[in-house]
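Beneath this line is the structure, given in structure tokens, with notes to follow.
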Amino acid sequence: VFAYGSLMWNPGFAYTDRQSAALDGFHRAFCIYSHHYRGTPAKPGLVLGLD
Numbered sequence: 067v068f069a070y071g072s073l074m075w076n077p078g079f080a081y082t083d084r085q086s087a088a089l090d091g092f093h094r095a096f097c098i099y100s101h102h103y104r105g106t107p108a109k110p111g112l113v114l115g116l117d
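Following this line, the structure appears as structure tokens:
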């Protein structure tokens with residue numbers, strides 16, 4: 067299961083295990099435009115994604 071952003075800090079469900087991992091060749095960047103919670107359809111805001 068892959069999670070990023072707030073899902074890592076507050077998943078909203080009970081879990082039985084937690085492990086750290088790294089994904090070589092990728093980094094977090096503000097590279098996704100969204101009008102859900104961050105901006106409007108006319109002016110979407112940037113959110114973090116893997117780039």
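Under this note's numbering, the first residue of the sequence shown carries the number 67, and numbering increases by one thereafter. Even glycine gets a Cβ: it sits at the ideal position worked out from N, Cα and C.
- Our two residues, A108 and Y99, have alpha carbons roughly 11 Å apart in a direct line.
- A distance below 8 Å separates the beta carbons of F92 and L116.
- The continuous stretches of beta strand (DSSP E) do not include Y81, and DSSP gives it neither H nor E.
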